[in-house]
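*Asks:*
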DNA sequence: CCATACAATGCAAACGTTTGCAAGAGTGCC
DNA sequence: GGCACTCTTGCAAACGTTTGCATTGTATGG
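Protein chains in written order, with this note's numbering: chain H, 3 to 339; chain U, 3 to 339.
1. If residue 97 (chain U) sits next to residue 62 (chain U), beta carbons under 8 Å apart, how far is it from one beta carbon to the other, in whole angstroms?
2. Which residues in the same chain as residue 3 (chain H) place their Cβ atom closer than 6 Å to its Cβ, once the five residues preceding and following it in sequence are excluded?
3. Going by other Cβ atoms of all chains shown within 10 Å of its Cβ, with 16 needed for buried, is residue 281 (chain H) buried or exposed?
4. How should residue 324 (chain H) be labelled, buried or exposed, when 16 other C-beta atoms within 10 angstroms of its C-beta is the threshold for buried?
5. Can you list, in chain order, the residues of its chain with a C-beta nearer than 8 Å to that of residue 38 (chain U)? Leave out the 5 residues immediately preceding and following it.
6. Would you verify that the beta carbon of residue 236 (chain H) is, or is not, closer than 8 Å to some beta carbon of chain U?
7. Suppose the cutoff is 7 Å on Cβ atoms and the five residues either side in sequence are ignored; what does the same chain contact list for residue 197 (chain U) look like?
8. Do we get a CB-CB distance below 8 Å when we pair residue 65 (chain U) with the residues of chain H?
9. Does any C-beta atom of chain U lie closer than 8 Å to the C-beta of residue 82 (chain H)?
10. Report the residues of the region 48-62 of chain H with a CB closer than 9 Å to any CB of chain U, ordered along the chain.
11. Unbroken alpha helix (DSSP H) runs of length 4 or more, entirely within the region 227-305 of chain U: which are they?
12. Where does residue 48 (chain H) land, buried or exposed, given buried means 16+ other C-beta within 10 angstroms?
13. What's the gap between the Cα of residue 51 (chain U) and the Cα of residue 8 (chain U)?
14. With respect to the beta strand (DSSP E) encompassing residue 325 (chain U), which residues constitute its N-terminal and C-terminal limits?
15. Verify whether the separation of the beta carbon atoms of residue 217 (chain H) and residue 235 (chain H) is less than 8 Å.
16. When burial is assigned at 16 or more other CB atoms within 10 Å of the CB, is residue 111 (chain H) buried or exposed?
17. Here's a check: name, in chain order, each residue in its chain whose Cβ is nearer than 6 Å to the Cβ of residue 311 (chain U), leaving out the five neighbours to either side.
18. Are the C-beta atoms of residue 116 (chain U) and some chain H residue less than 8 Å apart?
19. So the beta strand (DSSP E) residue 120 (chain H) belongs to, where does it begin and stop?
20. So, is the C-beta of residue 298 (chain H) closer than 8 Å to a C-beta in chain U?
21. Using 8 Å as the limit for Cβ to Cβ distance, is residue 120 (chain U) near chain H?
22. Select from H:328, H:206, H:45 and H:71 the residue whose C-alpha is nearest the C-alpha of residue 278 (chain H).
23. Could you say if the region 243-255 of chain U and the region 223-235 of chain U meet the contact criterion of at least three C-beta pairs nearer than 8 Å?
24. Using a Cβ-Cβ cut-off of 8 Å, state whether residue 252 (chain U) counts as contacting chain H.
25. Closest to residue 328 (chain U) by CA distance: which of U:35, U:12, U:164 and U:276 is it?
26. Give the residues of chain U in contact with residue 102 (chain H), contact being defined as C-beta atoms less than 8 Å apart.
27. Under a CB-based cut-off of 8 Å, is residue 213 (chain U) close to chain H?
28. Residue ranges of each beta strand (DSSP E) run of no fewer than 3 residues wholly in the region 169-210 of chain H, ordered along the chain?
29. Within the same chain, show all residues whose beta-carbon is closer than 8 Å to that of residue 76 (chain H), passing over the 5 residues directly before and after it, in chain order.
30. Give me the Cα-Cα distance between residue 121 (chain U) and residue 169 (chain U), rounded to the nearest whole angstrom.
31. Quick test of the definition: if touching needs 3 or more C-beta pairs under 8 Å, does the region 240-252 of chain H touch the region 184-194 of chain H?
32. Along the chain, where does the beta strand (DSSP E) that runs through residue 97 (chain U) open and close?
33. When you check each C-beta in the region 285-318 of chain U against every C-beta of chain H, which residues fall closer than 7 Å?
34. Use the C-beta contact count for residue 214 (chain H): other C-beta atoms within 10 angstroms, 16 or more gives buried, fewer gives exposed.
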């Protein structure tokens, strides 16, 4: 009952010719007569011949497959990155196989092993939060599989990378706040042990300095989720000299701020401006609509994939590692002046 | 410079034994002496031997790979489904390769072809909005590749499916609204040409009927996005006999309603109750927090994958198609009494 | 001492392709 | 008629595995 897919051998047998002739006919090889080609192609089409990608890969030692290792598909940012990766892969004729680490080191390692066994041509990776040792990535590279890190890069390893320009994104957003008249901008950021956090914090501080404003400890909080924002925002608002703007390191947090500010009866943006980061769907349904820094996740994924494909094609010269930076841009909506 | 992965043949040559012995040693075959096994395993570990999944698949005619066809990875619902699929696949030792259709028929067909070429063991699919003909899915089935549809099922084809219990989800949510004292519940739904839309609409109507309330045309609108909600909600609120509750078919729309209601100065939930559908991250950051029907996307994906694996193992008997229904549940928050 | 049994290993084919090389048929030229 | 050429096709090996069967060597039993 098990129906096998039809193979080149089957076609050859049916038409009483050799497999080589069939193969060459399908590939439109000049050595084969037009007549034979016609017969073969007709038969192949009629019987819905599909080349066996496995056999082909084995033969040519080229799987046309890219592995992706990322923390969590469900996060808006990563799913948009993945979407960009997928689209660009398809354009280049590559398949994509994915492994989510769920932020654990162990699953990340398992994923890398699986990709090695699948003989992928290259790997795109964003490292898990709990990862501190990088042997599994090094093993990929040692096996001559190009690795391109995206967003959460791996500092210990010399390899291509493409990251979001957090620093500039935050800096220009904060400058925008300042130029619109804000004088006391609060900053809600992530814990400092991620490289990304520091970049953002520096962007904030530099924007203040560039514009002659003081960096005040009491306006800087570690706060990167909604509930924390609900807890910390009132504290800041009740300062004798309350902030007139908030910059939050993600949109959930910014929405938390927004809800508190509204509840206190303060006018947005006239009395308090708010700016988020990521620009996910939240920003498009809040009231008022949230101004946010767009990270261009899709573009980042697409860009990483393009870079990887260039590597595979050997367009890029050998050792020179390239590090691309995806520019963010501020999407101004209604929470800023 | 190109470093090949080490193969069984390499090990055989290095140890001056035959490839078969190496293969059997690695598989812990009883025919092989413990001594030989030890030597082989040691050598393999030292040189980081990784079995070539391609060759294995070709040999055994089993790729241990599942194909997934879905409309858009970026949507919260689909990315959570995908996450469930991925996790469950990993448990079962399957790889996952994904194709997004971007809601277009053409890409869906291309995806199906690619999966056929990759000789996947089975396929999980959710059909694109623009798809009206199903030959590409039929071709998979004709090639003896089991297909399990999830969420957006394909009515024309007899096959396993797992869907969200839209009808019951909407019905019980609306009943909840009624039992909490609401008498005029408005319904914001999708255009009727999707099967899903009708189920939801029926759930709404039946809930009203069961509780002796009239189904009123003027309370039923086609409206499934944020901006539409901003346009239509004021209309309903200015009716002489305005609704005291809104049920929306997704969370974006519900948030739109919420924002309008708040702006009008009506109390939520005392004067107007609101209930959404999907229970995505929006529901957890709105003010007040949105009551919503959780679709359990992750569980749906995991369940579909489990069903597919059972099929592949032959646990399920041949022709009987199974259709699983994932129960929704109402997450009551602050927009309902 | 021979037959038998058993343990350990090797041979070779197969999975579905591609491809270098050889081979056959036909044609034109001297 | 023989030679060199072109045009078309086929043979066989290779990619990395697994596995049925054959082979070898050794020990056991009569």
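Heads up, the beta-carbon is just placed ideally off N, CA and C, and yes, glycines get one too.
Note that this is a predicted model, so its numbers are computed, not measured.
*Replies:* The structure says:
1. Rounded, the Cβ-Cβ distance is 14 Å, inconsistent with contact.
2. Low confidence applies to residue 3 (chain H): its pLDDT is 39, below 50, so where it sits in the model is not reliable enough to give any reading.
3. buried
4. exposed
5. 19, 23 and 27
6. no
7. 157
8. yes
9. yes
10. 50, 52, 53, 54, 55, 56, 57, 58, 59 and 60
11. 228-239 and 253-265
12. exposed
13. 6 Å
14. 325-328
15. no
16. buried
17. 94
18. yes
19. Per DSSP, residue 120 (chain H) belongs to no beta strand (DSSP E) and is neither H nor E.
20. no
21. yes
22. H:206
23. yes
24. no
25. U:164
26. 85, 88 and 89
27. no
28. 187-191
29. none
30. 36 Å
31. yes
32. 97-102
33. 286, 287 and 289
34. exposed
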